[in-house]
Amino acid sequence: MTVARAPGKAILLGEHFVVHGTGAILCAIDKYATVTVSPRDKGVYVKSRYGELEFHDTDLKGAPEHHRPFLNIATELGMKVDTIIDSQIPPGVGLGSSSSCCVAGAGAMLNSSRDGVIETALRAERSVFEGASGADTAVCTVGGIIEFRNGEHKVVESDPILLAIASTGRIHSTAKTVEAVRQYRERNPKEFESACKQVKGLVGDARNALDSKDLVSLGAHMWLNQELLKEIKVSDATIDKIVEAASRTSYGAKLTGAGAGGCVIALVDDSNCQRTLEAMRACGAEAFSVKTDMDGLRVGQTLS
Ligand code: MEV
């Protein structure tokens, strides 16, 4: 039996634009998906919050979406395994639920916490969402805070940060919002190019703010990024309301992940975390705080 645990993630800056080459800054968060695999005689068995499935085919086209990434990994590696998934990460709200499961699945089946994991996990994720940039699988594997651009990541040496998170409770489809942004770009090429340029600059400046532990500057850059996410129409009235409320008490707030529902993050520290969570709850959102996970993927026979 092998157990693997991978963190979820929040995108501090650059979601959507990263698909178009701007770069992004991501933070692994201390909410986890755990995948346990053990050998079996035939086929692949998967059990998760979406139900149970026994699969004996090598053609994955007909496999249900939620189970397909695990079948993809097992088929690639020629493994016959029982695969049990247990996740603390709310699904479909931009906190890396699916990437974290892909990373933990790859780690458990490869019995490795690094070698080949990012690539295997990304192929698994792309079996359901072809356009994935790879940013989420990278940060869920290495943990901490990373800068991601064009398939490559660099770890940002930073102290752990604290985020207040509000869930709108509205589940989104990342693939659909990424496609909607592609269509926006086609209709508004000049505006989109200008927004990309600005995001590139914000990502660079935010990286400097992290290096110098300047939360005020980092938060301000997150807020500016939110304005550009609004421009490309991935924000909505609920998100805007929470961002406005959280901006009054935190260093800066924005949507995280695909938008169109999902979650808002606000950069906080111990001095303003509770007030920000209350401000988020006053908007009717479910709110909780997370801090940076510094470990990334962990793999073993048991995990303490
Ligand atoms: C989703 O968490 C982030 C997006 O930028 C898509 C991606 O990078 O694959 C919307």
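Oh and the sequence shown: position 190 is 203 in the working numbering, straight run, nothing missing. Glycine included, C-beta positions come from ideal geometry on N, C-alpha and C.
Nearest C-alpha to residue 160 among 120, 285, 27, 105: 27.
Only residues of its own chain outside the window of five on either side were considered, and among them 147, 150 have a CB closer than 6 Å to the CB of residue 135, listed in chain order. Taking a 10 Å sphere around the C-beta of residue 226, we find fewer than 16 other C-beta atoms and assign the residue as exposed. Note on geometry: alpha-carbon atoms of residue 234 and residue 296 lie some 23 Å from one another. Contact annotation: the region 278–296 does not touch the region 204–216, with fewer than three C-beta pairs closer than 8 Å. Of the heavy atoms belonging to the ligand MEV, none sits nearer than 7 Å to the Cβ of residue 193. Looking at the backbone, the Cα of residue 287 and that of residue 68 are separated by about 46 Å. In the DSSP assignment, residue 108 falls outside any alpha helix (DSSP H) and carries neither an H nor an E. Proximity of the beta carbon of residue 187 to the ligand MEV is indicated: a heavy atom of the ligand is located closer than 7 Å. In this structure, 40 is the residue among 200, 40, 186 with its C-alpha nearest to the C-alpha of residue 173. Using a C-beta cut-off of 8 Å, the region 121–128 makes contact with the region 88–97, since at least three inter-stretch Cβ pairs fall below that distance. DSSP places residue 260 inside the alpha helix (DSSP H), whose first and last residues are 250–262.
Relative to the ligand MEV, the nearest heavy atom lies less than 7 Å away from the CB of residue 146. Boundaries of the beta strand (DSSP E) around residue 266: 265–269.
Separation of residue 142 and residue 49 (C-alpha to C-alpha, rounded to the nearest whole angstrom) is 23 Å. By the C-beta criterion, the region 296–315 is judged not to be in contact with the region 191–201, since fewer than 3 inter-stretch pairs fall below 8 Å. Sequence-distant partners of residue 224 (beyond 5 residues in either direction) whose C-beta falls short of 8 Å from its own C-beta, in its chain, are 169, 170, 171.
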